[in-house]
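Below you'll find the structure, written out as structure tokens, and then a few comments.
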Amino acid sequence: MKVILVNGGPHKEGCTYTALREVADALEQNGIETEIFWLGNDPVAGCIDCGYCKKTDRCFRNDCVNEFLEKAADTDGFVFGTPVHFASAAGALISFLDRAFYGRDFSGKVGAAVISCRRAGSTATFDEINKYFAIKGMPIVTSSYWNMVHGNTPEEVKQDLEGMQTMRILGRNMAWLLKCIEAGKQAGVPEPEKEEKVWTNFVR
């Protein structure tokens, strides 16, 4: 089993990475393979609803989104990490998520959000990222507190002992859930029945 942890921060080994690394270490200690995937600092364009991906399962923009999607097919879970920018997730990560999640079936794959902030805006950002999982039928992994760390530098993040503990517990909880899902499959428990999507538009 494998989990990809996406670093949506502008710094490859900054505060967001520090939190994700703690989650990854806990996952690995529990037998789960991990990869930390940094978006980088090149601009990430938003979705333009062109429909290209529905025909090819790839975005017409050949960037980090396509690189991620190639890995995602064989991945069992995702952790998306972001710093807080104006009480919201980093713009690059939102553009990335809009395109990566558009028209794709991630149901059954587990997801978790990790938020890094200096002081505030963390809960609004936490809610924002979790909505991507909820609309795709993904089990959302929780911890002993909302998945967030505080600090203005990686060194300060490491001093947030409660935050770092929250990351470790998140990693262990995700490993446990992944193993439970796998055990269910081995025992012959069927996945939930899927229905064709019903669209209700109130404007006629």
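Throughout the sequence shown, residue numbering follows the working numbering, covering 62 to 265 in sequence. The beta-carbon is built from N, C-alpha and C at its ideal position, and this holds for glycine as well.
Cβ neighbours of residue i in the same chain (closer than 6 Å, five flanking residues each side left out)
i	result
M225	E83
M62	I93, D137 and L239
E217	none
Own chain, CB closer than 7 Å to residue i, minus 5 neighbours either side, in chain order
i	result
D159	G107 and C108
G138	V64, K170, V171, G172, M235 and L239
E252	G169
C114	C120, Y163 and G164
L231	V84, A173, V202, S204 and N208
N127	R119 and C120
Beta-carbon spacing of residue i, residue j below 8 Å
i	j	result
F141	G69	yes
K197	S168	yes
C125	G164	no
N208	A174	yes
T186	T143	yes
A87	I97	no
G182	A151	no
H211	R180	yes
T95	L130	no
V145	C111	no
Assigned exposure category for residue i - 16 Cβ within 10 Å defines buried
i	result
L222	exposed
T117	exposed
S204	buried
T214	exposed
Y193	buried
W237	exposed
W270	Any property of residue 270 remains undetermined from this structure, which presents the chain solely from 62 to 265.
A161	buried
Same chain, Cβ closer than 8 Å to residue i, five either side skipped, listed in chain order
i	result
K219	T79, G212 and M225
E74	P215
Legend entry - Completely contained beta strand (DSSP E) runs for the segment 191-233, where each covers 3 or more residues: When DSSP assignments are scanned along the segment 191-233, the uninterrupted stretches of beta strand (DSSP E) that are 3 or more residues long and fall wholly within it turn out to be 209-211.
Legend entry - Unbroken stretches of the beta strand (DSSP E), 3 residues or longer, contained in the segment 141-194: The segment 141-194 contains, as complete beta strand (DSSP E) runs of 3+ residues, the segments 171-178 (chain order).
Inset, instruction - Let me know the beta strand (DSSP E) ranges lying completely inside the segment 66-150, each 3 residues or longer, listed in chain order. - result: Complete beta strand (DSSP E) runs here, min 3: 94-99 and 138-144.
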